[in-house]
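*Asks:*
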Amino acid sequence: MTDFKNRREAMVDTQLVARGIRDPQLLAAMREVSREMFVPPGLAEFAYEDTPLPIEAGQTISQPYIVALMLEAAEIQPDDRILEIGVGSGYAAAVMSRLGRRVHAIERQEELAALARNRMAQLGCENVVVRTGDGTRGWPENAPFDVILVAAGGPAVPRPLREQLAIDGRLVIPVGGTDEQRLMRVTRTGDEEFFEEDLGAVRFVPLIGAHGWRGEEKAVVAPRTAAGDWLRDAAERLPGIDDAGFAHFIDRFADARVILLGEASHGTSEFYRARAVITRRLIEEHGFTIVAVEADWPDAAAIDRHVRLRGEPAATAAPPFRRFPSWMWKNRDVEAFVTWLRRWNEGRESTRRAGFYGLDLYNMTGSIDAVLTYLDREDPEAAAVARERYACLAPFGSDPASYGRMAISEGYARCEEAVIAQLRDLFLRARAYEADEGDDFLDAAQNARLVANAEAYYRAMFYGAAESWNLRDRHMFDTLKFLLAAKGKAAKAVVWAHNSHIGDARATDMGRNRGELNIGQLCREHYGDAARLIGFGTHDGTVAAATDWDGEMEVKQVNPSRPDSYERLCHEVGQEIFLLDLRDGVHPEARAALLEPRLERFIGVIYRPETERWSHYSTAILPEQFDAWIWFDRTTAVTPLPGRQEPGARDTFPFGL
Ligand code: SAH
């Protein structure tokens with residue numbers, strides 16, 4: 000419950016206030032009305048997203064911002080009599096019931112009217128009456144109205160509605176075609192005088208009735224867009240991943256210092272295999288020696304020990320990648336890459352070997368153990384102090400989120416000082432330790448840094464999604480910078496992380512509406528063109544994903560991409576695999592045509608095809624998000640490594656299953 004309250008507050012601040020909605024009564028009302036009650040039960044968790052949602056009878060509940068925009072334009076006064084046409088879910092009516100004296104609401108579909116009536120009763124909105132009927136005729140018995148609000152788009156302003164408006168009354172209505180309308184405010188300034196203002200472009204479901212559209216809405220066929228034609232010209236066909244030439248295209252980006260390779264899901268084999276082949280070429284031909292991935296540092300460190308032949312892990316070390324979602328790294332494609340990487344390193348001196356590192360911060364206990372193991376060996380006295388400091392976090396070991404919850408309720412960060420003191424101590428004594436063995440110190444120092452950042456991360460989780468997301472991506476970026484610095488001036492890195500981390504956040508909803516940044520954006524800001532961001536996409540196929548966090552991995556069917564997405568444009572190119580070079584000046588027409596924002600699909604470790612539009616699509620500007628985009632029309636799920644190792648068998652080392 001509190002969670003919905005927090006989301007509602009965040010919705011008002013980031014979607015309404017940030018976009019200029021100012022009316023204090025309206026903002027207060029929208030902070031109060033439980034929007035989750037107005038959507039079908041399966042969609043409650045998306046109720047505060049910045050989007051319209053489908054409701055019963057094939058209709059939609061308007062995006063919160065659009066509701067706010069219309070109600071602000073209506074300038075509702077406490078004594079006002081209001082007519083609403085197109086009640087839909089009843090959400091706007093419930094908000095208006097808190098702003099005016101009485102709301103008369105008409106809905107064409109009885110199913111919706113009945114649901115809305117129930118919700119009004121539940122919420123105690125006694126000043127709202129809902130009836131079924133054709134709202135384009137108005138409600139003459141109760142006219143005139145100070146405010147008329149129409150939540151469906153008609154071809155023109157219905158005559159009866161003008162007539163039922165009081166002098167000085169405001170009528171807010173979308174007017175135009177069935178795909179797009181202009182939001183109009185009509186103020187009645189005299190008996191026959193009306194003042195009209197255009198408030199901008201909007202998209203509403205059709206207003207159907209005697210003074211609206213006739214009959215059911217006609218199916219809208221998406222026109223073949225110019226963007227599609229330009230895209231077809233710009234797409235460079237690529238051979239299959241296993242073909243010797245597949246990765247040659249990367250040469251044109253190889254003068255970069257950091258190349259970030261994305262993925263459109265956390266469970267697609269093609270994305271892993273393509274990134275492996277590209278990375279191989281960057282290592283073999285272009286001197287890259289750092290592979291930094293969206294995995295936890297201590298877990299990736301076990302792989303790194305193996306591939307750089309740094310010796311077996313401590314006997315006590317826990318096997319890596321046991322946490323959900325294990326298939327992300329414990330899969331056949333990663334295994335094949337790790338095998339190759341070790342073989343590549345075998346013939347090389349240690350300074351020229353390529354390493355495998357984790358950018359993520361979820362395994363806090365793994366990092367604590369690693370710091371203690373290191374100090375036990377190097378400096379037992381310091382180990383005793385560290386043990387005492389980290390004991391502060393011990394009670395939350397298996398559930399670090401509970402630490403964050405406690406920190407909020409106690410009002411202070413109980414373990415913050417201890418973890419920072421530990422990090423500082425380790426760096427103060429760096430010289431003494433480093434003299435012994437460079438990489439083991441580097442590893443311990445990074446683990447200590449991770450514990451400090453994770454402590455802050457788990458606290459931030461309770462302030463809101465944006466804060467914790469940003470802390471996590473900053474941590475990833477700091478880890479990358481730290482690696483590049485540690486490996487010297489000429490060092491170059493390949494990063495593997497989800498499109499949502501590596502595609503410049505400023506070109507997506509995350510950055511534009513939610514205040515989130517990511518490692519791709521930070522790399523661009525810091526390295527300019529010496530950072531290249533490469534995204535991946537797909538139309539359909541299968542994917543390995545869970546239905547809920549901590550759930551079992553399933554192989555799920557990926558829905559064909561939506562007609563209004565970048566993916567659909569790519570699908571219509573008609574090529575199985577292609578590269579789109581989005582750098583400035585390479586394909587200027589295609590780039591310009593693709594600048595118009597569209598939906599883009601993001602599948603993570605969770606995939607819910609049933610609610611795909613709201614769980615997985617978000618608006619983006621592809622050419623600003625990435626320097627290049629690699630397309631696999633059809634893709635397949637990764638194959639996880641088997642869950643258990645035979646006693647004594649070591650052949651799956653370093654995964655230690
Ligand atoms: N503000 C509502 C939006 C509902 S969508 C919400 O946020 O939930 C518009 C609604 O208008 C649909 O439910 C549709 O059935 C209804 N509608 C369309 N034509 C109508 C008409 N002539 N009279 C009354 N309702 C109509």
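Going by numbering that gives the first Met the number 0, the first residue of the sequence shown is number 0, and it counts up by one from there. Backbone N, C-alpha and C fix where the C-beta goes; we use that ideal spot for every residue, glycine too.
1. Please report the straight-line C-alpha distance between L15 and A484, rounded to a whole angstrom.
2. CB of G514 to nearest heavy atom of the ligand SAH: below 7 Å?
3. Taking the runs of the alpha helix (DSSP H) that are 4 residues or longer, which of them lie wholly in the stretch 579-607?
4. Helix, strand or coil: which one does DSSP assign to L568?
5. With a threshold of 7 Å on Cβ separation, who are the neighbours of V94 within its own chain once the five nearest residues in sequence on each side are excluded?
6. According to the Cβ coordinates, are A530 and L581 closer than 8 Å?
7. Going by DSSP, name the residue or residues bridged to T59.
8. Is R413 closer than 8 Å to A406 when the C-beta atoms are compared?
9. I'd like to confirm the pairing. Which residues does DSSP put opposite Y361 in its beta bridges?
10. If the criterion is Cβ atoms closer than 8 Å, does the pair D472 and N517 meet it?
11. Give a yes or no on whether the C-beta atoms belonging to H103 and I81 are separated by under 8 Å.
12. Between G261 and the ligand HEM, is there a pair consisting of the residue's CB and a ligand heavy atom that are separated by less than 7 Å?
13. Beta carbon of P379, beta carbon of A545: below 8 Å?
14. Tell me which residues share the same chain as A155 and place their Cβ nearer than 7 Å to its Cβ, disregarding the 5 neighbours each side in the sequence.
15. If we ignore side chains and look at the alpha-carbon of each, how far apart do P139 and Q163 end up?
16. In or out: E454 buried (at least 16 other Cβ within 10 Å) or exposed?
17. Compare the Cα-Cα distances from D477 to each of Y462, Q520, R511 and G514 and report the closest residue.
18. Are the stretch 345-363 and the stretch 441-459 touching by the rule of at least three beta carbon pairs closer than 8 Å?
19. Using a Cβ distance threshold of 8 Å, determine whether the stretch 492-509 contacts the stretch 242-262, with at least three qualifying pairs required.
20. Check S614 in the structure and name its three-state DSSP category.
21. Work out the CA separation of G286 and A489 for me, nearest whole Å.
22. Could you tell me whether any non-hydrogen atom of the ligand SAH is closer than 7 Å to the CB of L206?
23. L382: which of A151, P51, N558 and D424 sits nearest, CA to CA?
24. In whole angstroms, what separates the C-alpha of D178 from that of G199?
25. May I ask you to list the residues that DSSP assigns as paired with P205?
26. Nearest by alpha-carbon distance to D298: which of R309, V290 and A317 is it?
27. Under the criterion of a Cβ to heavy atom distance below 7 Å, does R107 qualify as lining the ligand SAH?
28. Nearest CA to the CA of Q574: which residue from P238, T541 and E195?
29. Distance check for F336 and E571, CA to CA, integer angstroms please.
30. Could you check the C-alpha separation between L532 and S397 for me, to the nearest Å?
31. Just curious, the alpha helix (DSSP H) that Q121 is in, first and last residue?
32. If we count the other Cβ atoms within 10 Å of its Cβ and call it buried at 16 or more, is F577 buried or exposed?
33. Classify Y411 as helix, strand or coil using the three-state DSSP reduction.
34. Could you give the DSSP three-state label for Y356: helix, strand or coil?
35. Applying the 10 Å Cβ sphere with the 16-neighbour rule, what's the burial state of P641?
36. Report the option in A353, A393 and A246 whose CA atom is closest to the CA atom of L308.
*Replies:* From the atom records:
1. Reading the sequence shown from its first residue, position 16 is the one you call residue 15. Reading the sequence shown from its first residue, position 485 is the one you call residue 484. Linking L15 to A484 through their CA atoms gives a straight-line distance of about 42 Å.
2. As a position in the sequence shown, residue 514 is number 515, starting the count at 1. No, the ligand SAH has no heavy atom inside 7 Å of this Cβ.
3. The stretch 579-607 contains, as complete alpha helix (DSSP H) runs of 4+ residues, the segments 587-593 (chain order).
4. On the sequence shown, residue 568 is found 569 positions in, with the first residue counted as 1. In this structure, L568 counts as helix in the three-state DSSP scheme.
5. Mapped onto the sequence shown, residue 94 falls at position 95. Excluding sequence neighbours, V94 sits near A28, M29, V32, V66 and L70.
6. Here residue 530 refers to the residue found at position 531 of the sequence shown. Here residue 581 refers to the residue found at position 582 of the sequence shown. It is not a contact, given that the beta carbons lie outside the stated cut-off.
7. Your numbering for residue 59 matches position 60 in the sequence shown. In DSSP, T59 forms a bridge with P53.
8. Your numbering for residue 406 matches position 407 in the sequence shown. Your numbering for residue 413 matches position 414 in the sequence shown. In this structure, R413 lies closer than 8 Å to A406 by Cβ.
9. Translated into the one-based positions of the sequence shown, residue 361 becomes position 362. Within the DSSP secondary-structure output, Y361 pairs in no beta bridge.
10. Taking the sequence shown and counting its residues from 1, one reaches residue 472 at position 473. Taking the sequence shown and counting its residues from 1, one reaches residue 517 at position 518. The answer is yes: Cβ separation under 8 Å.
11. Start at 1 with the first residue of the sequence shown, and residue 103 comes out as number 104. Start at 1 with the first residue of the sequence shown, and residue 81 comes out as number 82. The beta carbons of H103 and I81 sit closer together than 8 Å.
12. The ligand HEM is not part of this structure, which contains only the ligand SAH.
13. One-based indexing of the sequence shown puts residue 379 at position 380. One-based indexing of the sequence shown puts residue 545 at position 546. In this structure, the beta-carbon distance from P379 to A545 does not fall below 8 Å.
14. Reading the sequence shown from its first residue, position 156 is the one you call residue 155. Excluding sequence neighbours, A155 sits near V174.
15. What you label residue 139 is simply residue 140 of the sequence shown in a count that begins at 1. What you label residue 163 is simply residue 164 of the sequence shown in a count that begins at 1. Using only the alpha carbons, I get a separation of about 7 Å.
16. Position 455 of the sequence shown holds residue 454. So E454 ends up on the buried side.
17. Here residue 477 corresponds to residue number 478 of the sequence shown, with the count starting at 1. Looking at the Cα atoms, Q520 is the closest of the given residues.
18. Output reads yes: the stretch 441-459 touches the stretch 345-363.
19. Short answer: they touch.
20. Start at 1 with the first residue of the sequence shown, and residue 614 comes out as number 615. Three-state DSSP puts S614 in a helix.
21. Here residue 489 refers to the residue found at position 490 when the sequence shown is read from its first residue. Here residue 286 refers to the residue found at position 287 when the sequence shown is read from its first residue. If I take the Cα positions, the gap works out to 9 Å.
22. Indexing the sequence shown from 1 puts residue 206 at position 207. Checking the Cβ of L206 against the ligand SAH gives yes.
23. Position 383 of the sequence shown, counting from 1, holds the residue named residue 382. A small fix is needed here, since residue 382 is Ala in this sequence, not Leu. By alpha-carbon distance to A382, the top candidate from A151, P51, N558 and D424 is D424.
24. The residue given as residue 178 occupies position 179 in the sequence shown. The residue given as residue 199 occupies position 200 in the sequence shown. Using only the alpha carbons, I get a separation of about 14 Å.
25. Position 206 of the sequence shown, counted from the first residue, corresponds to residue 205. Looking at the DSSP assignment, P205 forms a beta bridge with G152.
26. Counting from one through the sequence shown, the residue named residue 298 turns up at place 299. Nearest C-alpha to D298: A317.
27. Walking along the sequence shown from the start, residue 107 turns up at place 108. R107 Cβ: within cutoff of the ligand SAH.
28. Position 575 of the sequence shown holds residue 574. Nearest C-alpha to Q574: P238.
29. Here residue 571 is taken as the residue at index 572 of the sequence shown, counted from 1. Here residue 336 is taken as the residue at index 337 of the sequence shown, counted from 1. The alpha-carbon atoms of E571 and F336 are separated by roughly 32 Å.
30. Translated into the one-based positions of the sequence shown, residue 532 becomes position 533. Translated into the one-based positions of the sequence shown, residue 397 becomes position 398. When rounded, the separation of the alpha-carbon atoms in L532 and S397 is 35 Å.
31. As a first step, residue 121 is located in the sequence shown; it is residue number 122 there, counting from the start. Element bounds for Q121: E109 to L122.
32. Residue 577 sits at position 578 when you count from the first residue of the sequence shown. Classification of F577: buried, given that the 10 Å Cβ count is 16 or more.
33. On the sequence shown, residue 411 is found 412 positions in, with the first residue counted as 1. Here Y411 sits in coil by DSSP.
34. Counting from one through the sequence shown, the residue named residue 356 turns up at place 357. Here Y356 sits in strand by DSSP.
35. By 1-based counting over the sequence shown, the position of residue 641 is 642. Around the beta carbon of P641, fewer than 16 other beta carbons sit within 10 angstroms, so the residue counts as exposed.
36. Against the sequence shown, residue 308 aligns to sequence position 309. Checking every option, the nearest Cα to that of L308 belongs to A353.
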